[in-house]
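First the structure, in the form of structure tokens, and then the observations on it.
Chains as they are written, first to last, in my numbering: chain A, 127 to 241; chain B, 18 to 131.
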């Protein structure tokens with residue numbers, strides 16, 4: 127069975143600085159998708175960024191980018207120029223490319239932004 | 018285009034009562050997923066449904082929990098004879114087709130059992 131591990135329960139970063147959240151996963155599949163979701167205090171799950179496993183190029187969305195290392199099964203999220211609104215729980219998630227469709231989540235990393 | 022709609026947002030039930038949680042997927046989405054989130058934890062998969070079909074219920078407790086997604090109307094997660102341990106946030110997500118697209122989440126229903 128696939129698993130997703132986030133080893134950092136909490137992190138803090140100074141406003142305007144850069145922070146990297148770690149995520150590793152375990153799978154025997156070659157076709158899959160990886161996601162980072164943000165959950166602010168409102169509890170709404172917001173998709174931050176997605177990565178298709180077949181793509182070698184790392185995904186980027188404005189200040190958010192990933193470092194996808196397929197061989198190492200690592201999928202870290204980098205947030206540049208951190209803003210107060212980035213404070214939230216961040217969940218790394220895995221989804222199989224076919225067959226088993228459920229999204230599997232890590233336990234999350236709570237990110238604090240220090241003014 | 019409305020997003021995934023869940024209601025109620027908050028639900029309080031006494032032990033032994035039934036809880037019904039509703040989820041209307043995004044327009045055009047035919048796949049619905051239910052997740053449970055305990056405080057300070059990630060989301061645990063419960064069940065995956067298509068219209069009139071349960072595709073994967075490997076995360077559902079064997080007793081008291083059931084889910085449906087009828088041809089017409091919202092998906093329903095039903096918890097019978099609730100206990101304090103059922104208190105959690107329940108999230109619904111929907112997607113358009115399997116596999117190659119992200120799921121969009123509702124705002125969740127927070128169930129409190131007193």
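Cβ coordinates follow ideal geometry from the N, Cα and C atoms, glycine included.
1. Tell me, please, which residues DSSP counts as bridged to residue 186 of chain A.
2. Where does residue 31 of chain B fall in DSSP's three states?
3. Can the beta-carbon of residue 161 of chain B be found less than 8 Å from the beta-carbon of residue 128 of chain B?
4. Considering only DSSP beta bridges, list what residue 22 of chain B is partnered with.
5. When you compare only the Cα positions, how much space is there between residue 57 of chain B and residue 157 of chain A?
6. Assuming residue 166 of chain A and residue 219 of chain A form a contact by the criterion Cβ under 8 Å, report the distance between their Cβ atoms to the nearest whole angstrom.
7. Please classify residue 49 of chain B: is it buried, with 16 or more other beta-carbons within 10 angstroms of its beta-carbon, or exposed?
8. My guess is that residue 241 of chain A and residue 210 of chain A are in contact by the Cβ rule of under 8 Å, so how many angstroms apart are they, rounded?
9. Residue 140 of chain A to residue 44 of chain B, Cα distance in whole Å?
10. Quick check on DSSP: helix, strand or coil for residue 101 of chain B?
11. Check the C-beta distance from residue 231 of chain A over to residue 90 of chain B and give it rounded, since I have them as a contact under 8 Å.
12. Sorted by chain position, which residues of the same chain lie with C-beta nearer than 8 Å to residue 35 of chain B's C-beta, five sequence neighbours on each side aside?
13. If you run the structure through DSSP and keep just helix, strand and coil, what is residue 55 of chain B?
14. Alpha carbon to alpha carbon, how far is residue 135 of chain A from residue 237 of chain A? Give it in angstroms, no decimals.
15. Keeping to the same chain, check which residues put their C-beta closer than 8 Å to that of residue 84 of chain B; ignore five residues upstream and five downstream.
16. With a threshold of 8 Å between beta carbons, is residue 171 of chain A in contact with chain B?
17. Suppose the cutoff is 6 Å on Cβ atoms and the five residues either side in sequence are ignored; what does the same chain contact list for residue 200 of chain A look like?
18. Under 8 Å between the Cβ atoms of residue 110 of chain B and residue 54 of chain B?
19. Are residue 101 of chain B and residue 32 of chain B closer than 8 Å when you measure CB to CB?
20. Determine which residues share a DSSP beta bridge with residue 109 of chain B and list them.
For this structure:
1. DSSP, once it has assigned bridges, lists A:191 as partnering residue 186 of chain A.
2. Coil.
3. Outside the shown range of chain B (18 to 131) lies residue 161 of chain B, about which nothing can therefore be said.
4. Answer by DSSP bridge pairing, in chain order: B:41.
5. For the pair residue 57 of chain B and residue 157 of chain A, the Cα-to-Cα distance works out to about 30 Å.
6. Contact check for residue 166 of chain A and residue 219 of chain A: beta-carbon distance about 17 Å, past the 8 Å limit, so the pair fails to qualify.
7. That one is buried.
8. About 7 Å separates the beta carbon of residue 241 of chain A from that of residue 210 of chain A, a gap short enough to meet the 8 Å contact definition.
9. When only Cα atoms are considered, residue 140 of chain A and residue 44 of chain B end up about 40 Å apart.
10. Shown here, residue 101 of chain B sits in a helix according to DSSP, grouped into three states.
11. Your pair residue 231 of chain A and residue 90 of chain B does not check out as a contact, with CB atoms roughly 28 Å apart and the cut at 8 Å.
12. So the qualifying residues of the chain are 95, 96, 97, 98 and 99.
13. If DSSP states are grouped into helix, strand and coil, residue 55 of chain B belongs with coil.
14. Cα-Cα distance, rounded: 9 Å.
15. Correct list, in chain order: 51, 63, 64, 66, 71, 74, 77, 92, 93, 94 and 95.
16. Yes, residue 171 of chain A counts as interfacial toward chain B.
17. The answer, listed in chain order, is 150.
18. Using a Cβ distance threshold of 8 Å, residue 110 of chain B and residue 54 of chain B do not count as a contacting pair.
19. Taking 8 Å as the Cβ cut-off, residue 101 of chain B and residue 32 of chain B qualify as a contacting pair.
20. Residue 109 of chain B is bridged to B:51.
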